[in-house]
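Right, one structure below, let's go through it.
Residue numbers (the UniProt record's numbering): 1 to 630.
Set out below in structure tokens:
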């Protein structure tokens, strides 16, 4: 893999041979517009062809391609490669009949149903650019994405189904369209029996009827640098950032990762418990497994509550998954509800060979818990919406790299990862710094920000010329392992000492009674900042909370040192998270400092912040005329 750094052109040219090209590339790495590098310029291909048609032509037509398991609706379905290819070709025909052409954008606002994956692939089939917005996302945020992407068509559904009840997708969509300034003339709506909706004859068309009336269409070759999709991530200005991924580099990178990182071969099953609204779902529910000729499991449900903490183990057992991928927050939720792991013993998990975690830092105690009870390696790895696949991790398909719990593995091919100080000087091994990646980034990473070249430059490329700034802080240790400790904004300065909140969270989470923890900095007149910790106990905990807090404060003092000045720790019922499972530390920091704060658009459950605000009010009562948030 070292060749990917020393001779990236040769390395990636060799990997690209695993993809079917309509026309070979002229240049592997195009540096003519540096620092905006491009891969495989001059080449032409189609991602949908590589994900579906080629496997049918190779004799895999009767192999399961997509398994849908939906405990919230009580339904399951399996599509072979031949069936999925036919369904996608017909949906692509419906898009074409609705006027969608190559280069047009299509917003997909759907629940976790097979048609959502078909929608992505149908767009890719005709060279349209899809932009998936997390199903159930608030109408104002959906409107912002509609205005930025300017779609020719929106694909949606009548409703989504959550354990807490039905979510009115059509109502949210109509509200978003009323808020958006960009006019959307047509919507295709999938009617779900749980809650059907009225269709507007002026703009809405029934999904099933449209597909039935359409003629299937063939794949359209596009340039390797043609955008495949736009995926929005929240921006600091309130305006979302549209990450653009291209066809060529994306297909090459994901093909390589399936066999070399996840050790999944064609015909084998991968279960990624995420959502297609997030980059993990794009890469490893839809595109990666299908490009590889594997079987992917699409799950509509939760890690707990549908019906209990056994949900993921049942799916692994039922469909014989070889690789399992989810977020650390899902693992912590399972562990909180089933701290002894009793549900694990109810299922035959002999098919499972590896468990992968990503999304935020995995606390070592949960990793050890899963390793002990599952009896397979648990690999934490680190990547971002911007990169589309792992920056660092464990190449399970190449070598049995020793797992170092607390780290996110070693850099993957093409990623030259360094910890830099504020001036851009590489730090010695083991010192905390800003994590940056030397340019060029490998194939499959972000090609651009949608229609905003300067924002791309300012956000990622300006602070350290010649590097991509990840926005994360951490260390690269003496063995080359990468340890991501927190976002750069979450590094706190206590009396001149730069300290990682992630290290303190690790100490807290390592306590057997703690399910999860969040640590962030609050202002202090003497020391500048002091750490504050919030913890959630395991459901089995019935002890004295004050005694637990006292013990935790001492643990941090013993393991991090008195310099941390860790004295504020509070037990809370739960932590506020985004829909993708990331803890909202920035919002917590603003609340604790009594700064103005806004309700995050990506929050999973807004009522959690009301509970947290009450806790902060008890600690530091707000002035009577001070609003809780803006």
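Every residue gets a Cβ at the ideal spot worked out from N, C-alpha and C, and that includes glycine.
Cα-Cα separation, residue 353 to residue 323: 6 Å
The segment 241-254 contacting the segment 32-52, beta-carbon criterion three pairs below 8 Å: yes
Beta-carbon gap between residue 225 and residue 124 smaller than 8 Å: no
Given residue 374 as reference, the closest of 317, 189, 601 and 467 once Cα atoms are compared: 317
Residue closest to residue 85, alpha-carbon to alpha-carbon, out of 210, 216 and 19: 216
Local Cβ density within 10 Å of residue 563, reported as buried at 16 or more and exposed below that: exposed
Boundaries of the alpha helix (DSSP H) in which residue 319 is found, first to last residue: 311-319
Ranges of the beta strand (DSSP E) found wholly within the UniProt domain "AMP-binding enzyme C-terminal" (504-582), counting only runs of at least 3: 514-524, 528-537 and 568-571
Inter-residue CB distance, residue 580 and residue 278 (contact presumed, cutoff 8 Å): 5 Å
DSSP bridge partner residues for residue 410 (one or two, in chain order): 393
Beta-carbon gap between residue 297 and residue 327 smaller than 8 Å: no
Touch test, the segment 183-192 against the segment 156-169, Cβ-Cβ under 8 Å, three pairs minimum: yes
With 16 other Cβ atoms within 10 Å as the buried cut-off, status of residue 53: buried
Beta bridge counterpart(s) of residue 27 as assigned by DSSP: 41
Residue 591 (DSSP reduced to helix, strand or coil): helix
Close Cβ partners of residue 305 (< 7 Å) along its chain, the five nearest in sequence each way excluded: 163
Residues near residue 553 in its chain [Cβ-Cβ closer than 7 Å; skip 5 each side]: 566, 567 and 569
Cβ pair residue 192, residue 139 closer than 8 Å: no
Residue 395 versus 388, 380, 338 and 384, residue with shortest Cα-Cα distance: 380
Top-ranked residue by Cα proximity to residue 466, from 420, 546 and 499: 420
Close beta carbons around residue 128, own chain, < 6 Å, minus the five adjacent residues each side: 100, 104 and 106
Straight-line gap, residue 347 to residue 340 (C-alpha atoms, nearest Å): 15 Å
Residues sharing a beta bridge with residue 165, DSSP: 162
First and last residue of the uninterrupted alpha helix (DSSP H) at residue 93: 81-97
Residue 609 burial status per 10 Å Cβ neighbour count (16 or more: buried): buried
Alpha-carbon to alpha-carbon, residue 286 and residue 171: 27 Å
Identified DSSP bridge partners for residue 350: Looking at the DSSP assignment, residue 350 forms no beta bridge with any residue, so it has no partner.
Counted within 10 angstroms of its Cβ, other Cβ atoms place residue 508 as buried (16 or more) or exposed: buried
heavy atom of the ligand HEM below 7 Å from residue 283 C-beta: Within the structure as shown, the ligand HEM is missing, as the structure has no ligands at all.
One or two residues paired with residue 262 in a DSSP bridge: The partner list for residue 262 (beta bridge, DSSP) is empty, contrary to what the question assumes.
Three-state secondary structure (DSSP) of residue 18: coil
Nearest residue (CA-CA) to residue 476, options 239, 461, 271 and 434: 434
Residue 219 (DSSP reduced to helix, strand or coil): coil
Coarse secondary structure for residue 281, derived from DSSP in three states: helix
Straight-line Cα distance separating residue 424 from residue 469: 10 Å
Pick from 251, 438, 302 and 588 that is closest to residue 522, judged by C-alpha positions: 588
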